[in-house]
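Chains as they are written, first to last, in our numbering: chain A, 1 to 431; chain B, 1001 to 1222. Quick reminder that beta carbons are idealized off the backbone N, C-alpha and C, glycines included.
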Amino acid sequence: MLKNYIKIAIKVMLRRKFFTAVSLFGISFTLLVLLVVTAFIDNEVGPRSPETKVPRSLYVVHTENGNEKETSYNFTSATFYFIDNYVKTLKTPEAVAMYSWGRGSTEYANKRKLELNYKYTDAEFWKVFDFEFVSGKPYDQTHLDRSDPVAVINEDVAKQYFGEIDPIGESLEIKRRKFKVLGVVKDVPYKQFTIGPESMIWLPYTTIVEDYKKVELRPTFAPGFNATILAKSRGDFDKIKTEFQEQIKKVPFTDPESISWINSEALTRQEVLALGAFFTANNDQSISKDNRPSFSVTSLYLWLGFIALLFMAMPAINLMNLNSSRILERSSEIGVRKAFGASSNKLIGQFITENIILTLLGAALGYGLAVIMLDIINDSGFIPYSNLKINLMVFLYGLLITIFFGFLSGVYPAYRMSRLHPASALKESGA
Amino acid sequence: MIELKGVDKVYRTKTIETTALNNINLLIDKGAFVSIMGPSGCGKSTLLNMIGLLDAPTSGSIAIDGVQINAYNDKDLAKLRNEHIGFIFQSFHLVPDLSVLDNVELPLLYRKGMNGKARRAKAQQALEWVGLSTRMKHFPNQLSGGQRQRVAIARAVVGRPRIILADEPTGNLDSVMGDEIMKILQELNQENATTIVMVTHDLVQAEKSQQIIRLFDGQQVN
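Okay, structure coming up:
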């Protein structure tokens, strides 16, 4: 029976090429978008090298501050002073890494102009994050204590800056200062909405030229800093968050006219993404004390889920519509099948099978298109060092949802088809 | 074996009520060859649909082999049609997406306990019987009208039903083809004792049957 259903489904698809093309386009395009979007989300929040410990990591990426008169409100990155004194000093975590926001520099090497990005970090940075070292090693606390001008670079910089020469022990010039290369790591994909450890070059923070130790709560000349707190386990998150809030209460305000309060939160990776999504959706001007940035993961995922469902429901509705309009076209077949012993349930089964086969074909096509699309994005340089991949779990869920919608879009038309009275269905002309 | 008692069929819309059949009482014996005749719109096809359980009467009762089928549900009716009744239509009603063999196999798909091999063998046998064994892989649109009707007959007989209902089976065919189809129906009736109920406009063809039922304006006339 199933073989016969499949056979007729394929024949119907081939005979109604336009209908098939429209349906396949709807299904495959939906799945394509779903897979590409989730590949982006995965790139932002998924545990991937060097952020393999994401499930037990918390991130401090912002502070809010202002004065009591409410004439000033700022949502800014944290300063070295804040991170060093109130985050690095936390007792509960296993480790805390600190790293600056990225900075850029244009350099000339190998007869080429290179746009380089670099970040300042502490020594724990290399313990919290699992960078894959191709050669050499990271700098350690001793290098930081001595303010050694040393650097870790990625493979791309090694290739572009040094060409065929082994970069270990060689000098790299950044802003007219020479740094000795200690290690080379594999390229790390950049994130689009969130902050992470990715960069092209990493330098010890003690080599910062500006007065990075300045007691300030808003970064001025020195770069802003972030921290990644590595908990011993996820179970420690609440304890760490509470301890962090206790720490914040200790912040003294030397100039209350300017800043008399400060807030910050230790966020999970998903919350950092939610914050990034808020900033993408709102421009800087609209952010105020009354429109504070949100990092609610629930509302972000609810929105994303709602949009995804809506997006997936559209081809289903389209399919339902097209299917319904086919009832008359196939009334002779329905009449004949009923006359020769098909019950309404059997007919519903047949039409749903046809729909599910069409849906599965669309899903396979969508998967193929997503692979091609991600390859194009990865090769385009749109995201530096991007290595977007299809999330197989998402594909499986997407497939289930697609089959569900395929089923749904088949049920109603199939029900209507099966309700057709055989006598009236047969009034239509046959072959 | 087929008994209709006081069968009425009334079609109602919001404004109009049309009586298609009025107080039909029929008894068709096992192995009979009956023709139903009458002018267009007199209710011939409606009556055939009632006998074939494709439509339900507004009132009255239908019994097959003494069993009232009024209370049968969709599934029971489907089973009864599948096992006991074969249909032949004026416009053939072959499924255009299926090959000749697949079309003939179709009724057996709904029969429990029959595997693909057995279905195929029976369908081939039926096609050989109507002389179309060389056309099994063809599609309906590759056949002439007469050939299509022979495929439809093969489909009607493949499940070995005891009753064949034919709605103007020669209506779309020329006289030569029509005679051929009639011969097949007569053979089926005489050799297999299959009960045949045929709707026709053609008196010559009707006279080949054993009994003629005449209808006028939905009523039986003698």
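{"query": "Are the CB atoms of N1073 (chain B) and S1061 (chain B) nearer to each other than 8 Å?", "result": "no"}
{"query": "Quick check on this structure: which residue in B:N1103, B:S1091, B:G1178 has the alpha carbon closest to the alpha carbon of K427 (chain A)?", "result": "B:S1091"}
{"query": "List the residues of chain B whose Cβ lies closer than 8 Å to the Cβ of S23 (chain A), in chain order.", "result": "Result: empty, since nearest Cβ-Cβ is about 17 Å, beyond 8 Å."}
{"query": "Go to F125 (chain A), then tell me how far its beta strand (DSSP E) extends in each direction, as first and last residue.", "result": "Run containing F125 (chain A): none in the beta strand (DSSP E); it sits in the alpha helix (DSSP H), 125-128."}
{"query": "Report yes or no: is there a C-beta of chain A within less than 8 Å of the C-beta of H1093 (chain B)?", "result": "yes"}
{"query": "Would you kindly work out how many angstroms separate the C-alpha atoms of D238 (chain A) and I8 (chain A), rounded to a whole number?", "result": "59 Å"}
{"query": "Measure the beta-carbon distance from T76 (chain A) to G224 (chain A) and round it to whole angstroms, keeping in mind my assumption that it falls under 8 Å.", "result": "7 Å"}
{"query": "So which residues of chain B does P413 (chain A) contact, with C-beta pairs closer than 7 Å?", "result": "Those do not exist, as P413 (chain A) stays about 17 Å from chain B at its closest Cβ, beyond 7 Å."}
{"query": "Does G341 (chain A) get closer than 8 Å to chain B when you measure Cβ to Cβ?", "result": "yes"}
{"query": "Within the same chain, show all residues whose beta-carbon is closer than 6 Å to that of T1018 (chain B), passing over the 5 residues directly before and after it, in chain order.", "result": "Y1011"}
{"query": "With distances taken between CB atoms, is the gap from G1178 (chain B) to H1201 (chain B) smaller than 8 Å?", "result": "no"}
{"query": "Taking Cβ to Cβ, would you say I1036 (chain B) is nearer than 8 Å to L1173 (chain B)?", "result": "no"}
{"query": "Answer with yes or no whether the minimum CB distance from A1166 (chain B) to chain D is below 8 Å.", "result": "Among the protein chains of the structure shown, namely A and B, there is no chain D."}
{"query": "Could you confirm whether any beta carbon from chain B is found closer than 8 Å to the beta carbon of E333 (chain A)?", "result": "yes"}
{"query": "Taking V150 (chain A) as the reference, give the member of A:V184, A:V215, A:S28, A:Y367 with the closest Cα.", "result": "A:V184"}
{"query": "V1204 (chain B) CB to nearest chain A CB: under 8 Å?", "result": "no"}
{"query": "Quick check on this structure: which residue in B:I1163, B:R1162, B:A1121, B:I1181 has the alpha carbon closest to the alpha carbon of P1169 (chain B)?", "result": "B:I1181"}
{"query": "Please work out which residues of its chain come closer than 7 Å, Cβ to Cβ, to R56 (chain A), disregarding the five sequence neighbours upstream and downstream, and give them in chain order.", "result": "L230, A231, S233, R234"}
{"query": "For F221 (chain A), tell me which candidate among A:T30, A:Y205, A:E210, A:D156 has the shortest Cα-Cα distance.", "result": "A:E210"}
{"query": "Looking at the structure shown, is K180 (chain A) part of a helix, part of a strand, or coil, going by DSSP?", "result": "strand"}
{"query": "So what's V22 (chain A) in DSSP terms, helix, strand or just coil?", "result": "helix"}
{"query": "On the criterion of 16 or more Cβ atoms from any shown chain inside 10 Å, does P422 (chain A) qualify as buried, or is it exposed?", "result": "buried"}
{"query": "For the beta strand (DSSP E) containing L114 (chain A), list its first residue and its last residue.", "result": "112-121"}
{"query": "Between the alpha carbons of I390 (chain A) and L35 (chain A), how many angstroms are there, rounded?", "result": "6 Å"}
{"query": "Under the DSSP definition of a beta bridge, which residues are partnered with G1006 (chain B)?", "result": "The partner list for G1006 (chain B) (beta bridge, DSSP) is empty, contrary to what the question assumes."}
{"query": "Using a C-beta to C-beta distance shorter than 9 Å, which residues of chain A count as neighbours of F1087 (chain B)?", "result": "V336, A339, F340, L426"}
{"query": "In angstroms, rounded to a whole number, what distance separates the CA positions of L264 (chain A) and Y301 (chain A)?", "result": "A small correction: the amino acid at residue 264 (chain A) is Ser; Leu does not occupy that position in the sequence shown. Spanning the two alpha carbons is a distance of roughly 22 Å."}
{"query": "Would you call V1095 (chain B) buried or exposed, if buried means 16 or more other Cβ atoms sit within 10 Å of its Cβ?", "result": "buried"}
{"query": "Return the chain-ordered list of same chain residues with a C-beta closer than 7 Å to the C-beta of I1212 (chain B), the five sequence neighbours on each side being excluded.", "result": "S1035, M1037, A1206"}
{"query": "Around the C-beta of D139 (chain A), are 16 or more other C-beta atoms found within 10 angstroms, so that it is buried, or is it exposed?", "result": "Note that residue 139 (chain A) is Tyr in the sequence shown here, rather than Asp. Buried, by the Cβ-count rule."}
{"query": "Count Cβ pairs between the stretch 367-379 of chain A and the stretch 1013-1032 of chain B that sit closer than 8 Å; are there 3 or more?", "result": "no"}
{"query": "Can you name the residues of chain B whose CB is closer than 8 Å to the CB of K17 (chain A)?", "result": "Chain B residues near K17 (chain A): none, gap ~13 Å exceeds 8 Å."}
{"query": "Going along the chain, which residues of its own chain have a beta-carbon closer than 7 Å to the beta-carbon of R1162 (chain B), five neighbours each way excluded?", "result": "H1084, T1194, T1195"}
{"query": "Select from A:I208, A:D187, A:Y205 the residue whose C-alpha is nearest the C-alpha of E198 (chain A).", "result": "A:D187"}
{"query": "Assign E474 (chain A) to one of three DSSP states: helix, strand, or coil.", "result": "Nothing about residue 474 (chain A) can be reported from this structure: the residues present for chain A run from 1 to 431 only."}
{"query": "Just to confirm my understanding: we take I401 (chain A), look at its own chain, exclude 5 residues before and 5 after, and list those with CB closer than 7 Å. What are they?", "result": "M312"}
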